[in-house]
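Numbering (UniProt numbering), first residue to last: 1 to 206. Report on the following structure.
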């Protein structure tokens, strides 16, 4: 579970290709329902458009939670799929791309459509602001007092956060760590304590 980028803010862009106008909108979304609400919004806003094509990808673009696309009446494979490809290549996780096409009287052909829809989303994506999400895991650690200082030191080293500390006969610590560091962190704890530190199975939190 490594860090990945997501779309941070909406983007609007216009492209004209052989008199056809391609209006592109990128929207941050976190699930299919939200994406479909935005698609409906643009359908109603541009009722006179020839096509309202879309594609979305949720989560990490390299391992998406879900993704989908629609050609909305354009020849099969000429709109939605190329749009999704651009979102994936540009690593625009949690994003919806909608391209509204106004036909200009000149047919573009299948290859021309693929290029136009790809270019529309690609140019819009160049204006996009991305943020990096780092999945985190929560660990519960039961340890002797002797190891607490070393654990805190390692926690800081790996960019983790101490959520709580409960002092009884032993110390019970609850930690939040970047997921990509948790295995190494856990291994180091086992090494310094010769396996004496008890670590519960991590829970995904993001």
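All residues carry an ideal CB built from backbone N, CA and C; glycine is no exception.
The beta-carbon distance between residue 79 and residue 46, rounded to whole angstroms, is 15 Å. This is too long to meet the 8 Å contact definition.
Distances from the CA of residue 113 to each of 9, 12 and 19 were compared; the closest alpha carbon is that of 19. Beyond the five residues adjoining it in sequence on each side, residue 12 comes within less than 6 Å, by CB distance, of 25 in the same chain, given in chain order. Counting along the chain, no alpha helix (DSSP H) covers residue 25; the unbroken beta strand (DSSP E) around it starts and ends at 20–28. Within the DSSP secondary-structure output, residue 56 pairs in a beta bridge with 68 and 96. Of the candidates 121, 43 and 54, the residue whose Cα lies closest to the Cα of residue 16 is 121. When rounded, the separation of the alpha-carbon atoms in residue 40 and residue 69 is 14 Å. For residue 198 and residue 163, the gap between their C-alpha atoms comes out near 17 Å. In the DSSP annotation of this structure, the continuous segment of the alpha helix (DSSP H) that includes residue 148 starts and ends at 148–157. Of all alpha-carbon atoms in 23, 134, 157 and 59, the one lying nearest the alpha-carbon of residue 87 is that of 59. By the C-beta criterion, the region 179–187 is judged to be in contact with the region 130–137, since at least 3 inter-stretch pairs fall below 8 Å. Residue burial annotation: residue 103 is exposed, with fewer than 16 other C-beta atoms found within 10 angstroms of its C-beta. In this structure, residue 51 lies away from residue 77, with their beta-carbon atoms at least 8 Å apart. Here residue 129 is near residue 8, since their CB atoms are less than 8 Å apart. Looking at the backbone, the Cα of residue 125 and that of residue 156 are separated by about 36 Å. Assignment of residue 91 by DSSP, reduced to helix, strand and coil, places it in the coil class. Spanning the alpha carbons of residue 190 and residue 3 requires a straight line of approximately 25 Å.
Residue 118 carries a helical assignment under DSSP once its states are collapsed to helix, strand and coil. Counting along the chain, the unbroken beta strand (DSSP E) around residue 166 starts and ends at 161–167.
In this structure, residue 170 sits away from residue 132, with a CB-CB distance that is not shorter than 8 Å.
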